[in-house]
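Undergrad:
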Amino acid sequence: MKTFHINKGFFIVVLTMVVLTYTNMVYGQLDNTQTMTKSGTTAAQFLKIGVDARATAMGNAFTAMEGDVSSIFWNAAGLANVKRLETMFVNNDWLAGVGFHYLGLALPLRGIGVLGLSVTSLTVPDDKVRTVTEPEGTGEYWGAQDLAVNLSFARKLTDKFSIGGNIKFIQQTIWHSHANTFAMDLGALFVTPFKGIRLGASLANYGGELRMTGRDQKLSVDPDLINQGNVEFVNALYETDAFPLPLIFRVGLSGELVRTKALRLSYAIDALHPNDNTEAVNTGFELAVGETFFLRGGHANLFRENAEEGLTLGGGLHYRLWGTQAILRIDYSYVDFG
């Protein structure tokens, strides 16, 4: 007969979150003031979309989880735990016909660290170009695309502490206009002596601003509509504003309630501090049976008013290909958008 030991620290965390939830509800009823969320003040919103089904099924609480190739997005320090070559491809039919695509690769370098590479793409279906004089279309089509190319590196400084970082190129395109910039991510992951509880922290999308430029901003104007005989048409440009990136700081905690050869039950909690919204908390769990079958659940954006994401569910299957060391991973997630 096997005895499963429950992590007492987990119950303290859960109790704390219940108290905070109740306090937040009471405070929300007593406070009639409107919270300033700063929503819509940043560009490149596609950088906030979770890239993998495992993490999104766990309520996006992945900052302190044991790393895999998806750590490039959540916390680059987690890449240091990758032991063999890993690749990931995500094809996601996002909202309103928008396509979200992600390709990630992690390559361990013996004695050096782990190198990572990822490409993220968000595509909008082409639509007709319509004008006031030609409302049915001019015969042209416009489209939009977002792109991020990410180079990562992570290294274990000790057997308990690892760091990692990303350098990324970001581009947004709308028809003939585009905006480019560079950014970086930084992360750290620490395994505590207390029953292997992990602590993680990451800072994502720290970099330049995005300003749209291109021939769509060009126009001809008459600088003086009153007087005749002057230069009636002068080439000009619409001056667009520059918008910052969606900077976000995450602090996370994760661990195992149960860990045997046949069964593992993990939990994760993340606290979020973005520059374009209010603070929030993500929570999640993962039940693994023989590290082959997986059930997951969680809740994203706790304590945030008018949150888009809420309850999350999912599962997965990890299968070792016959006669090889390769493991095929198939994961699925469901996210409630209200």
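According to this note's numbering, the sequence shown is numbered sequentially starting from 1258.
Built from N, CA and C at the ideal position, the CB exists for glycine as well.
Owing to the predicted nature of the structure, the values given are computational and were not obtained by experimental measurement.
For the alpha helix (DSSP H) containing residue 1313, list its first residue and its last residue.
TA: Looking at the DSSP string, the run of the alpha helix (DSSP H) that includes residue 1313 is 1310-1314.
Undergrad: Would you kindly work out how many angstroms separate the C-alpha atoms of residue 1579 and residue 1585, rounded to a whole number?
TA: Straight-line Cα distance between these residues: approximately 11 Å.
Undergrad: Helix, strand or coil for residue 1367, going by three-state DSSP, please let me know.
TA: Note: residue 1367 maps to coil in three-state DSSP.
Undergrad: Under the rule that 16 or more other beta-carbon atoms within 10 Å means buried, what is residue 1304, buried or exposed?
TA: Flag for residue 1304 reads buried.
Undergrad: Is it buried or exposed for residue 1425, if we count other Cβ within 10 angstroms and need 16 for buried?
TA: Label assigned to residue 1425: buried.
Undergrad: Please tell me whether residue 1412 and residue 1371 are closer than 9 Å, where the distance is taken between their beta carbons.
TA: Their beta carbons are under 9 Å apart, which means residue 1412 touches residue 1371 by this criterion.
Undergrad: Say whether the stretch 1491-1511 touches the stretch 1458-1467, bearing in mind that this needs 3 or more beta-carbon pairs closer than 8 Å, one atom from each stretch.
TA: Contact holds: three or more Cβ-Cβ distances are below 8 Å.
Undergrad: Measuring CB to CB, does residue 1376 end up less than 9 Å from residue 1345?
TA: Their beta carbons are not under 9 Å apart, which means residue 1376 does not touch residue 1345 by this criterion.
Undergrad: So what's residue 1507 in DSSP terms, helix, strand or just coil?
TA: In this structure, residue 1507 counts as strand in the three-state DSSP scheme.
Undergrad: Quickly, what does DSSP pair residue 1420 with across the bridge? List them, please.
TA: 1412 and 1445, per the DSSP bridge assignment.
Undergrad: Give a yes or no on contact between the stretch 1479-1494 and the stretch 1430-1439, applying the rule of three or more CB pairs nearer than 8 Å.
TA: Output reads no: the stretch 1430-1439 does not touch the stretch 1479-1494.
Undergrad: Evaluate residue 1549 with the Cβ neighbour count: other Cβ atoms within 10 Å of its Cβ, from every protein chain shown; 16 or more gives buried, anything less gives exposed.
TA: Label assigned to residue 1549: exposed.
Undergrad: Could you tell me if residue 1546 is buried or exposed, where buried requires 16 or more neighbouring beta carbons within 10 angstroms of its beta carbon?
TA: With fewer than 16 other Cβ atoms within 10 Å, it is exposed.
Undergrad: Per DSSP, what kind of secondary structure is residue 1300 in: helix, strand or coil?
TA: Reduced to three states, the DSSP call for residue 1300 is coil.
Undergrad: In the DSSP assignment, what residue or residues form a beta bridge with residue 1500?
TA: According to DSSP, residue 1500 bridges with 1467.
Undergrad: Would you call residue 1590 buried or exposed, if buried means 16 or more other Cβ atoms sit within 10 Å of its Cβ?
TA: The residue in question, residue 1590, is buried, as its Cβ has 16 or more Cβ neighbours within 10 Å.
Undergrad: Our contact map puts residue 1334 next to residue 1408 with C-beta atoms below 8 Å; I'd like the distance itself, whole angstroms only.
TA: Wrong, their Cβ atoms sit about 15 Å apart, outside the cutoff.
Undergrad: At least one CB of chain B closer than 9 Å to the CB of residue 1569: is that the case?
TA: The structure shown has no chain B; it contains just one protein chain.
Undergrad: DSSP three-state call for residue 1582: helix, strand or coil?
TA: It is coil, neither helix nor strand.
Undergrad: In chain order, which beta strand (DSSP E) runs of at least 3 residues are fully inside the stretch 1520-1583?
TA: Qualifying beta strand (DSSP E) stretches, in chain order: 1520-1531, 1537-1546, 1550-1559 and 1568-1577.
Undergrad: Who does residue 1343 pair with in a DSSP beta bridge?
TA: In DSSP, residue 1343 forms a bridge with 1363.
Undergrad: Pick helix, strand or coil for residue 1378, following the three-state DSSP scheme.
TA: Residue 1378 falls in the strand class under three-state DSSP.
Undergrad: Kindly give me the distance between the Cβ atoms of residue 1587 and residue 1571, rounded to whole angstroms, as I take these residues to be in contact under 8 Å.
TA: No, residue 1587 and residue 1571 are not in contact; Cβ-Cβ is about 11 Å, not under 8 Å.
Undergrad: Determine the DSSP secondary structure at residue 1399, reduced to helix, strand or coil.
TA: The answer is strand: DSSP assigns residue 1399 an E or B state.
Undergrad: Tell me where the beta strand (DSSP E) around residue 1477 begins and ends.
TA: Segment 1475-1478, the beta strand (DSSP E) holding residue 1477.
Undergrad: List the DSSP bridge partners of residue 1406.
TA: DSSP lists 1376 and 1426 as partners of residue 1406.
Undergrad: To the nearest angstrom, report how far apart residue 1443 and residue 1515 are at their CA atoms.
TA: Each residue's Cα considered, the two are about 30 Å apart.
Undergrad: By DSSP's criteria, residue 1589 is part of a beta bridge. Which residues make up the other side?
TA: In the DSSP output, where bridge partners are listed per residue, residue 1589 has 1572.
Undergrad: With H, G and I counted as helix, E and B as strand and the rest as coil, what does DSSP make of residue 1456?
TA: It is a strand residue.
Undergrad: At what residues does the beta strand (DSSP E) containing residue 1493 begin and finish?
TA: Unbroken beta strand (DSSP E) run through residue 1493: 1491-1494.
Undergrad: Go through its chain and collect everything with a Cβ distance to residue 1418's Cβ below 6 Å, but skip five positions before and after it.
TA: Around residue 1418: 1447.
Undergrad: Measure the alpha-carbon distance for residue 1416 versus residue 1331 and round it to whole angstroms.
TA: Each residue's Cα considered, the two are about 21 Å apart.
Undergrad: Note down, in chain order, each residue of its chain lying with its Cβ closer than 7 Å to the Cβ of residue 1568, except the 5 sequence neighbours on either side.
TA: So the qualifying residues of the chain are 1556 and 1593.
Undergrad: When the Cα of residue 1322 is compared with those of 1432, 1512 and 1564, which residue comes out closest?
TA: Cα-wise, what sits closest to residue 1322 is 1512.
Undergrad: Contact defined as beta carbons within less than 8 Å: I believe residue 1337 pairs with residue 1421. What is the distance between those atoms, to the nearest angstrom?
TA: The pair is a contact, with the Cβ atoms about 6 Å apart (cut-off 8 Å).
Undergrad: Considering only DSSP beta bridges, list what residue 1388 is partnered with.
TA: Looking at the DSSP assignment, residue 1388 forms no beta bridge with any residue, so it has no partner.
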